[in-house]
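Okay, structure first, notes after.
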Amino acid sequence: MGQLTSKRGGLHPGVPNVQFSTNDEGPPRYSSHGLPPTIVISDVESSASERRGSRVELRRSSVYSTLDLVPQLGHYTRTLHQQTGSRPSLDALRKAFEEKEAGIEVPTTDSGDGSLPDSGTEPSKAPPKKAPARFGWFIGVMMRCMLNIWGVILFLRVTVITSQAGIVLMWVIIGLSVMVTTITGLSISAIATNGRVASGGTYFMISRSLGYELGAPIGLVFSFANALACALNTVGFSIVVKDLMRDYNTTIVDDVNDVRIIGVITLVILLMIVLAGMEWESKTQILFFIILLVSFSDYLVGTIIPPSQEKQAKGIFRYNKDIFISNLTPDWRGPDGNFFRMFSIFFPGATGILSGVNICGDLKDPASAIPKGTLGAIFFTTLSYLVLSVTSGASVVRDASGNMSDFVGGNITSDCVGLGCQFGWNFTKCTLSQTCKFGLANTSKVMGLLSGSYYLIIAGVFAATLSSALGFLVSAPKVFQCLCKDKIYPYIGVFAKGYGKNNEPFRAYILCFFIAVGLVLIGDLNTIAALNSNLFMCSYALINFSCFHASFTNAPGWRPMFHYYNKWLALFAAAIAVLLMFLFTWWAALFVLSFMAILFIYVTYNKPNVNWGSSVQAGSYNMALSYSVALSSVNDHVKNFRPQCLVLTGPPNQRPALVDFVDSFTKHASLMICGDIIMNQDRQTRLQDDTDRLVKWMNKRKVRSFYSPFTADSLRVGARNLLQASGLGKLKPNILVLGFKSNWRDSSPESIEDYINTIYDTFDTNYSLCILRMVEGLDVSDQFDFEVNQGFEPEESVEKEDQQSSEKKPADDIPDEDKSDQIKTVFQIDQGKKTIDIYWIADDGGLTLLVPYLLTRRKRWQNCKVRVFIVGDEQNMEESRTEMLRLLDRFRFGFKDVTVMTDSEKHPQAKNLERFEDSVASFRLYDEQQDGVLAQELRENAPWKISDKEFEAFRQKSETKVKLNEIIRRNSIYAGLVVVSLPVPHSDCTSALYMAWLDTLTCGLHCPVVLIRGNQEDVLTFYCQ
513 MGQLTSKRGG LHPGVPNVQF STNDEGPPRY SSHGLPPTIV ISDVESSASE
563 RRGSRVELRR SSVYSTLDLV PQLGHYTRTL HQQTGSRPSL DALRKAFEEK
613 EAGIEVPTTD SGDGSLPDSG TEPSKAPPKK APARFGWFIG VMMRCMLNIW
663 GVILFLRVTV ITSQAGIVLM WVIIGLSVMV TTITGLSISA IATNGRVASG
713 GTYFMISRSL GYELGAPIGL VFSFANALAC ALNTVGFSIV VKDLMRDYNT
763 TIVDDVNDVR IIGVITLVIL LMIVLAGMEW ESKTQILFFI ILLVSFSDYL
813 VGTIIPPSQE KQAKGIFRYN KDIFISNLTP DWRGPDGNFF RMFSIFFPGA
863 TGILSGVNIC GDLKDPASAI PKGTLGAIFF TTLSYLVLSV TSGASVVRDA
913 SGNMSDFVGG NITSDCVGLG CQFGWNFTKC TLSQTCKFGL ANTSKVMGLL
963 SGSYYLIIAG VFAATLSSAL GFLVSAPKVF QCLCKDKIYP YIGVFAKGYG
1013 KNNEPFRAYI LCFFIAVGLV LIGDLNTIAA LNSNLFMCSY ALINFSCFHA
1063 SFTNAPGWRP MFHYYNKWLA LFAAAIAVLL MFLFTWWAAL FVLSFMAILF
1113 IYVTYNKPNV NWGSSVQAGS YNMALSYSVA LSSVNDHVKN FRPQCLVLTG
1163 PPNQRPALVD FVDSFTKHAS LMICGDIIMN QDRQTRLQDD TDRLVKWMNK
1213 RKVRSFYSPF TADSLRVGAR NLLQASGLGK LKPNILVLGF KSNWRDSSPE
1263 SIEDYINTIY DTFDTNYSLC ILRMVEGLDV SDQFDFEVNQ GFEPEESVEK
1313 EDQQSSEKKP ADDIPDEDKS DQIKTVFQID QGKKTIDIYW IADDGGLTLL
1363 VPYLLTRRKR WQNCKVRVFI VGDEQNMEES RTEMLRLLDR FRFGFKDVTV
1413 MTDSEKHPQA KNLERFEDSV ASFRLYDEQQ DGVLAQELRE NAPWKISDKE
1463 FEAFRQKSET KVKLNEIIRR NSIYAGLVVV SLPVPHSDCT SALYMAWLDT
1513 LTCGLHCPVV LIRGNQEDVL TFYCQ
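Take any residue in the sequence shown, note its place counting from 1, add 512, and you have its number in the working numbering.
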């Protein structure tokens, strides 16, 4: 790598010099040397334009800072699988001056190696490798496309189709084919110029545009389509050779087996050429192209040479208007005699437009070569098809016997039938018996008979068929290799390996060879052509849809350099392609689309770990944004109420039960946000990729939730900000879900105050509240090496924290996607015929009923019986029960079991009351036992403690909670879930006393307990409007 000095000149003492290099071997690297503040870049790229920019250039630092770099190409280059972090990080830029003054080396990148060897010791340079073969737009794209388009159809089928369809409909067939291929060519050009295209051709374009869901299936189908096209052209070549052998009375076995034998031998020879490398393949294609041009020129010259007597016997005459007029209209013959069958047979003759795209990895500049070469090839090959149909249709009659004895000169009788009568030939006998062996409708050798030299046409047939077969034999493995490299499908990775300087897919070549051999053994040209048409039509449909979708989503990343396309034309071409698939061969279309659907479902289900920035992602964003904005103008209605939950989980993988509980009634129904409040003191210990890791954990658990981390000084501050800021428009939470603070007795007063104040803030913001208590607790962090979130856990002594921190493993050992990180909770287990007991103590708007009902709609809870318990007195017990049953019936819940609790106001058992008093003993002041001055001092020093006066004032409420707990434990011993109305905290009630109430209300149960309180607004209605 060369080195230049900054134009500013001079040395800047103490300012680090930044030097980096970019290549495909790894990310750029920075180093700091005692040199002038210059930046040198060496960028090795494969394309011509990038090679021009890869020379050693001066790269200056920004005027803001010597570490802050000016924009340059090296910052935006990347390897195939990772982004090179070439810029200094924001943290490095902010701290550069401070650390420079302190003599500390400044880290400059977020990724990559931060150091370089000393500039004085330059590593030994490896011997330069020979550059891989790269092709320009003509040889790499246009010539290759023309060769593949000029395949077996040009020489063996165009004249036959012209005879059946007539010149007019033949032009319609050509026009429809060209319309589809031209629009597809425009779409290809747009996609190819929207960023650098790597190897993989059509598959690469579709997969990177529409995503792996559609890209992976089409990659597999398109690879097979290319192998099928290789077999198609090989069979065409074999038929020509067989006919030549028949002319010389030579056969190997019989007609069918001769085609198979010749085809297999041909494929072996083509395979040898391909294995020799792309340079040999390219030289062979150039030779074939020259032969084709000479052959086509020979044909055009032959059409103006006066035909001999022998040629006239075979129906060959000079240009004649009567012949031209006669051949304008169709003359359908045989079972294949219809427009769409002829269309399906001809269309493979237009399918070579992707040949240049399929080797885009071997092009010098794909973005420039693909549009010019593809559209140029379409134009010239279309012109050749039009000329061929007109010249043959204007000079060859449909039926001729080939017998010299049919010449009658001027002695034409009245019973002579056919156009040959005008030229002195009586082909009536073979015409009426349909046994004519020559003429436009009966032989595929018309081009050879019309030409000046029959053998040049034979050479052209050989060149056309072999060049197309060779092109497809190269295309299929290269597309398949790219698909294998992406590791989307299992068991095919072995074919991803490349060899040599051009990364040749030798293994895929062998696989394609065997597939082509199997198809050649079919030996039927028309059957292969019809199936091939469907496969390529499917590819064209997806290419056009890719262009339409990328343009329609209006993503900022869609900036193609090729502007001559139209998204609506692309969509039209896609629809036409699908329609033609069914019109060609409906059963083949159903088979192809069904196979694509199976592959789509498989890939969608497996969700491979790839991200290509597809237009589907952009479309998803557009749809989400549009619907969110539209939803903002929709007025709320109680019928459409959904419990949208903000769940304070901390890191979700530490409280899986809390996550699973909320997911059980929100999945596919409403919004769920997992809020993680990170204490400021814990911020530095959190890994940078924690967010991605936790989202992956939820995705693997199939939890449909957002993850929202928030840094705050305390739980209350973080929760309050999340309550105000979470959500978007109408997609905002309306319920806060908390885990029960089961270790409240051991927590600091500040921690308890924080927790209760969070409940106060919830009601202040008009949120509903839900608290989940598990008998075994919610936190599973002790089973893993998780960081403890101090916002959710009790504060421990300094000694214990030090002991825990010393026992922690390095961050690298934290489980990422390990199966042990997925703990099964009670909400993931089938509950069978257990009960869900609802203690609807207070009317909160119906949320206490709605949440359990939504749970019963899940498979794991659907067999559970729901029981409703309400408060009442003995005198009106039946009336209360009947009234509640009527209310539940109007709500259409289907709950039939209602129990009236008539003993809720009775005095609780002494032992239970004593247990309650013991639980709050450490939080009481016992100030009445002290003198006035000392009691006042106690209240001032510990305002969070419960005074004797307060304890006595709330004694009745405390006893009620104890009694309710007795009732719950007695009735819900076999319940799978208990739901209890949450008591609203009083403003003059201390946090410790309220916490004791919640603890007392839910203690002693073996199943999950949920405390729910709505915001006193209706969430249920039995009206229709």
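Backbone N, C-alpha and C define an ideal beta-carbon position, used for all residues, glycine too.
Per-residue DSSP class, three states only, for residue i
i, result
"glutamate 1016", "strand"
"leucine 1397", "helix"
"aspartate 1430", "helix"
"threonine 1414", "coil"
"valine 733", "helix"
"serine 1493", "strand"
"arginine 1481", "helix"
"serine 561", "Residue placement at serine 561 is flagged as unreliable, the pLDDT there being 44, under the threshold of 50; the coordinate-derived value follows with that caveat. Helix at serine 561."
"valine 1522", "strand"
"valine 1122", "coil"
"isoleucine 471", "Within the shown structure, residues of the chain are numbered from 513 to 1537, placing residue 471 beyond reach of any answer."
"alanine 507", "As shown, the chain starts at 513 and ends at 1537. That puts residue 507 outside it, with no answer to give."
Proximity to residue i [Cα-Cα], best of the options
i, options, result
"threonine 1414", "Glu1426, Leu1437 and Glu1478", "Glu1478"
"asparagine 850", "Arg1393, Leu681, Phe1403 and Glu1471", "Leu681"
"threonine 863", "Ala1082, Arg830, Val690 and Pro1221", "Val690"
"threonine 1203", "Pro1164, Leu1235 and Gly1230", "Pro1164"
"lysine 754", "Asp770, Leu740, Ile1341 and Thr746", "Asp770"
"valine 1217", "Val1207, Glu791, Gly930 and Arg669", "Strictly speaking, residue 1217 in this sequence is serine, with valine absent from that position. Closest by alpha carbon: Val1207."
"proline 1495", "Lys1469, Arg1393, Gln676 and Arg1369", "Lys1469"
"lysine 1475", "Val1432, Ser1416 and Ala1508", "Ser1416"
"phenylalanine 454", "Ser699, Gly707 and Leu887", "The question about residue 454 has no answer here: the residues shown for the chain are numbered 513 through 1537."
"methionine 655", "Val684, Pro600 and Ser794", "Ser794"
"isoleucine 1382", "Trp1373, Cys1501 and Thr1394", "Thr1394"
"threonine 940", "Ser965, Val909 and Thr955", "Val909"
"arginine 1436", "Lys1461, Cys1515, Gly652 and Tyr1351", "Lys1461"
Neighbourhood of residue i by C-beta, 8 Å cutoff - its chain only, sequence neighbours within 5 removed
i, result
"valine 1287", "Leu1517, His1518, Cys1519 and Pro1520"
Residue(s) in a DSSP beta bridge with residue i
i, result
"cysteine 1515", "Answer is none; cysteine 1515 lacks a bridge partner."
"glycine 1187", "Leu1160 and Ser1220"
"aspartate 1409", "Arg1379"
"aspartate 674", "Before going further, note that residue 674 is threonine rather than aspartate in the sequence given. None, per the DSSP bridge assignment."
"threonine 1347", "Lys1377 and Ala1487"
"alanine 912", "Phe950"
N- and C-terminal bounds of the alpha helix (DSSP H) containing residue i
i, result
"alanine 879", "878-905"
"alanine 788", "Run containing alanine 788: none; DSSP gives neither H nor E here."
"aspartate 1460", "1460-1465"
"arginine 656", "655-661"
"leucine 1102", "1098-1118"
"leucine 1234", "1227-1237"
"lysine 997", "966-997"
"tryptophan 1070", "It is not in any alpha helix (DSSP H) - tryptophan 1070 carries neither H nor E in the DSSP assignment."
"lysine 1009", "Lysine 1009 -> no alpha helix (DSSP H), and no H or E assigned at all."
Residue range of the unbroken beta strand (DSSP E) whose run includes residue i
i, result
"arginine 1285", "1280-1285"
"isoleucine 835", "First-last for isoleucine 835: 833-838, but that is the alpha helix (DSSP H), not the beta strand (DSSP E)."
Neighbourhood of residue i by C-beta distance below 7 Å, restricted to the same chain and skipping five residues each side
i, result
"phenylalanine 1542", "Outside the displayed span of the chain (513 to 1537) sits residue 1542, for which this structure offers no information."
"serine 904", "Thr671, Thr674, Leu952, Val958 and Leu962"
"glutamate 537", "Reliability fails at glutamate 537, whose pLDDT of 39 lies under 50, so the model's placement of it is uncertain and no value is given."
Other residues of its chain near residue i: CB distance less than 6 Å, five sequence neighbours each side excluded
i, result
"isoleucine 969", "Ser807, Met959, Gly960 and Ser963"
"threonine 1337", "Pro1168, Ala1169 and Asp1172"
"glycine 1187", "Leu1158, Leu1160, Ser1220 and Leu1234"
"leucine 1083", "Phe1060"
"serine 1254", "Gly1289"
"threonine 1512", "Phe1428, Lys1473, Val1474 and Asn1477"
"glutamate 634", "The predicted model places glutamate 634 with a pLDDT of 43, which falls under 50 and marks its position as unreliable; any figure quoted below should be read in that light. Taken in chain order, the list of residues that qualify is empty."
"alanine 728", "Ile1000 and Val1115"
"valine 1531", "Phe1153, Gly1357, Gly1358, Leu1359 and Leu1362"
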